[in-house]
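Residue numbers (UniProt numbering): 1 to 187. Heads up, the beta-carbon is just placed ideally off N, CA and C, and yes, glycines get one too. None of the values given here were measured: they were computed from a predicted structure. Scroll down for the structure; my scribbles are underneath it.
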């Protein structure tokens with residue numbers, strides 16, 4: 001995990017180009033309402049190089065090109081910049097810049113949900129989350145989700161199949177349990 005200062009994350013994100021009317025129209029064609037792009041999670045557009053569950057900005061990379069991507073600033077529950085998530089609508093690839101974030105909307109994770117009956121909404125896809133005007137979360141790093149959602153309370157899945165997917169993601173294997181007599185320690 002990176003030790004990059006929070007102000008640097010915000011500064012990097014703020015330096016990226018805003019969405020153009022062309023990009024807003026492109027997202028509208030996916031059924032995403034324009035007001036969903038305003039926040040609470042800010043959205044920008046740039047080129048990135050995807051590499052597994054992480055990405056690098058094109059301007060930080062030696063190679064030219066990169067994949068066009070929408071990028072989201074992920075805020076923690078105090079409103080501080082936590083990470084940046086990139087999403088290519090063409091390929092469906094989603095990745096984090098620093099590996100700190102596990103979901104978009106995670107700042108709401110521990111927020112009071114007294115007015116939300118049932119629990120925390122979890123969306124299967126980034127598009128569904130945007131269509132819902134960024135209500136709830138969408139998991140971008142399933143490997144970190146189980147640990148981070150331990151204290152989230154009830155989760156609301158999109159449908160039964162999505163509930164089963166979440167159950168698989170959130171089921172963690174127990175750590176190995178060793179008995180001292182079964183192994184010898186190196187002296």
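Between the alpha carbons of residue 134 and residue 35 lies a distance of about 10 Å. Across the set 99, 95, 149, 101, the C-alpha of 149 shows the shortest separation from the C-alpha of residue 121. Straight across, the Cα-Cα distance linking residue 152 with residue 105 is about 13 Å. In the structure shown, the three-state DSSP call for residue 52 is coil.
For residue 135, the three-state secondary structure derived from DSSP is coil. DSSP, reduced to helix, strand and coil, places residue 32 outside both helices and strands of the structure shown, so it counts as coil. With fewer than three CB-CB distances shorter than 8 Å, the region 25-34 does not count as touching the region 44-52.
Closest in C-alpha terms to residue 52, from the list 78, 85, 77, 158, comes 85. Selection 158, 131, 174, 102 evaluated against residue 143 yields 102 as nearest (Cα-Cα). A direct Cα-to-Cα measurement between residue 90 and residue 69 gives close to 9 Å. When secondary structure is reduced to three states using DSSP, residue 96 falls in the strand class.
Burial check for residue 107: the Cβ neighbour count within 10 Å reaches 16 or more, so the residue is buried.
Here residue 175 carries a coil assignment [DSSP, helix/strand/coil]. For residue 142, no beta strand (DSSP E) encloses it; the enclosing alpha helix (DSSP H) starts and ends at 142-148.
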